[in-house]
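To keep things clear, I will list the structure first and then write my remarks on it.
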Amino acid sequence: MLRTLALPLLSLLTLLGLVATASPASAAPVPVLPVVNMTALTAAAHVEGYRGNQPALGDDSSTRLVQRALTARGFRVVADGHYGRATTAAYIKYQRSLGYKGVDANGIPGPQSLARLGQGRFAVARVVQIGSRNDRYGIKRVNTRTRQMLTAADATVPWTITVSQGSYCILTKAGCAKASGGTHDAGGSIDVKVSTMTATQRWRTVQALRQVGFAAWLRVPSQCGGCWPAHIHAIAIGDTDLWQKNGKYTNRDQVADYFVGRNGLAGHARDDTPVRYRAAFTTWERYAGIV
1 MLRTLALPLL
11 SLLTLLGLVA
21 TASPASAAPV
31 PVLPVVNMTA
41 LTAAAHVEGY
51 RGNQPALGDD
61 SSTRLVQRAL
71 TARGFRVVAD
81 GHYGRATTAA
91 YIKYQRSLGY
101 KGVDANGIPG
111 PQSLARLGQG
121 RFAVARVVQI
131 GSRNDRYGIK
141 RVNTRTRQML
151 TAADATVPWT
161 ITVSQGSYCI
171 LTKAGCAKAS
181 GGTHDAGGSI
191 DVKVSTMTAT
201 QRWRTVQALR
211 QVGFAAWLRV
221 PSQCGGCWPA
231 HIHAIAIGDT
241 DLWQKNGKYT
251 NRDQVADYFV
261 GRNGLAGHAR
271 DDTPVRYRAA
281 FTTWERYAGI
291 V
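Quick note on the UniProt record's numbering: the sequence shown kicks off at 1 and runs consecutively.
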């Protein structure tokens, strides 16, 4: 009799969840992928081609993951954590294999190509997004990230920051200033008008731009034999659209110069910005708290 009553009771307890039942075979655990820090990676893609491996950028482990993934896809490169010219060249080949060309095949990882490269190998964090390439600051063309950076810098000074030359100038009717040497061909590069600023205002504007993630310097006519007027030249550190039609890396090498305290010109002289107006090397993502 007791055995007869036990069966319905056991069924009731099972229904109520009070008795453990055999569970189906558990699914295989999902592997935890290593993470690529895209903010550090793109900064390294700007700096390390010219200035060698810079561990302070914090990209080494991320760069090695990218290098191994490139090699696995047939674009061989040594996995040494240094985002040098060899890694840039391998990444260009990878981008071209995806059908990209021009600025989209510039050797700097973009969010889509990087995520695709990492499938099954790594996850991507601290993503750099440049947004639209057809944004504006004033009347000059820039991408959305550059516009956000300029807006933030502008908010820290009581005068107006006016862009005299924007980005993507090779795509505009006006074209590019010859003295720029291709540095404004694609994204991330801007010049700021300073003709109405005092000396102090000029230096303070350089500082404001640097604080939000630009490599920025005051340019004066004597630096090029009068080939340009006084202005501020700035490159958005970590911008994924740095590219030059002439195939050179001048704009990236300018960021590299800035990282080591140089002036970004052909002679690579020391940065002449007064110490009180200098700022630590940073990116927009770090400044804005995106990372």
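Beta carbons are placed, not taken as given, at the ideal position from N, Cα and C, and that holds for glycine. Keep in mind the model is a prediction, meaning the values are calculated, not measured.
- Sixteen is the threshold: when 16 or more other Cβ atoms of the shown chains lie within 10 Å of the Cβ of T273, as they do, the residue is buried.
- With respect to the C-alpha of P34, the residue from F75, A44, K93 and A115 having the closest C-alpha is A115.
- No Cβ-Cβ contact shorter than 8 Å links A72 with I92.
- DSSP, read as helix, strand or coil, puts N37 in strand.
- Shown here, R270 sits in a strand according to DSSP, grouped into three states.
- Cβ-Cβ distances below 6 Å link K140 to V163 and G166 in the same chain, with the five nearest sequence neighbours on each side left out; the list follows chain order.
- Residue environment analysis places T160 among the exposed positions, since fewer than 16 neighbouring C-beta atoms fall within 10 angstroms of its C-beta.
- DSSP lists S189 and A215 as the beta-bridge partner residues of I235.
- Under the three-state reduction of DSSP output, Q254 falls in the helix class.
- With contacts defined by Cβ atoms closer than 8 Å, G49 and G99 do not form a contacting pair.
- Annotated as proximal: G188 and T146, with beta-carbon spacing under 8 Å.
- DSSP, reduced to helix, strand and coil, places D135 within a strand of the structure shown.
- Each residue's CA atom was taken as its position, placing A123 and V255 some 27 Å apart.
- About 5 Å separates the CB atoms of G58 and A40; that is less than 8 Å, so the two are in contact.
- In this structure, the CA atom of V103 is about 17 Å from the CA atom of A43.
- Straight across, the Cα-Cα distance linking I170 with V127 is about 27 Å.
- Burial is judged here by how many other beta carbons sit within 10 angstroms of a residue's own beta carbon; S97 has fewer than 16 and is exposed.
- Rounded to whole angstroms, the gap between the alpha carbons of R136 and T151 is 11 Å.
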